[in-house]
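Engineer: One structure, pasted below without further comment.
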Amino acid sequence: MLKNLIKKYKIRKLKDKSFLYLFDEPPKNEFICLDCETTGLNPKKDEILSIGAVMIKDNKIIIRKNFNIFLKSSINTNEESIKIHQIRPIDLENATEPSDAIFKLLEFIGSRPIIGYYIKFDVSIISKYTKELIGIKLPNETIEVSSMYYKTKKRSSEYEFVDLKFDTIMKELDIPELGKHDALNDAIMTSMIFLKLKDKTPAKTTFYTN
């Protein structure tokens, strides 16, 4: 009931009705795994530098169905931030205008659920752009792989610590490591985490209303 009310509210707020496809019934057994590299960790003031995404269909990662793009940024990258995201000014010389990149991303995602590692951050920072461009935040349902992993861990009590670091999950699940701090590679590795965990625990989706 609440979910339907939120959906109707967002459709009313949509500036451009050509994006109504975002609210379509998702294709069966299809997901988009997504990762963003950003100038920082504050969605309100930081910007996206690159987005990588890959499609999962029928329990297979469709590598040829990938999305990989650099975005122009108004924030100058400094030495400290480069150490984190490893994106240099030269990498952004032929970057895409943010509006064009976001429109292409929305077309790639469609109405499919979005998978990620701490996906709430990625959705929040993408939504900063979509709110300005089409009037609403990203409406897709999301699946958090760290939550899936957490549910597979046997604990002696509810207070027992579970290490949810990305590297720890990768090692525990015996997933090969691709190049780090590359949005597409991170999306592919997260896809592998999802597929490893999918049969161990139901992939509960979270519908973000903010």
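Sequential numbering of the sequence shown, starting at 1, is according to full-length UniProt numbering. Ideal placement from N, C-alpha and C gives every residue a C-beta, glycine not left out.
#1: May I ask you to report which of helix, strand or coil DSSP gives Asn185?
#2: Are Ser111 and Pro26 close, meaning C-beta to C-beta below 8 Å?
#3: Could you tell me if Lys137 is buried or exposed, where buried requires 16 or more neighbouring beta carbons within 10 angstroms of its beta carbon?
#4: Taking DSSP's pairing of strands, which residues face Ala101 in a bridge?
#5: Out of Phe161, Ile32 and Asn140, which has the shortest C-alpha to C-alpha gap to residue 212?
#6: With DSSP run on the structure shown, which of helix, strand or coil describes Asp199?
#7: Mind checking who Gly116 pairs with in its DSSP beta bridge?
#8: Thinking C-beta only, is Ile69 closer than 8 Å to Thr39?
#9: Quick check: the region 47-65 against the region 3-22, are there 3 or more CB pairs under 8 Å?
#10: Please report the Cβ distance between Leu49 and Ser99, rounded to the nearest whole angstrom; I am assuming they are in contact, meaning their Cβ atoms lie under 8 Å.
#11: Could you check if residue 223 is buried or exposed, using at least 16 other CB atoms within 10 Å of its CB as the buried criterion?
#12: Grouping DSSP H, G and I as helix and E and B as strand, with all else coil, what is Lys57?
Structural biologist: Quick answer:
#1: Helix, per DSSP.
#2: Taking 8 Å as the cut-off, the Cβ atoms of Ser111 and Pro26 count as close.
#3: The C-beta of Lys137 has 16 or more other C-beta atoms within 10 Å across all chains shown, which makes the residue buried.
#4: BP columns for Ala101 are empty, so no partner.
#5: Past the edges of the chain, shown from 1 to 210, lies residue 212, and the structure says nothing about it.
#6: Coil.
#7: Paired residue(s): Glu144.
#8: Not a contact, by the Cβ cut-off of 8 Å.
#9: Cβ pair count under 8 Å is below three, so no.
#10: Contact doesn't hold; Cβ gap of about 15 Å is too wide.
#11: In the structure as shown, the chain begins at 1 and stops at 210. Residue 223 is therefore absent and cannot be evaluated.
#12: Three-state result, Lys57: strand.
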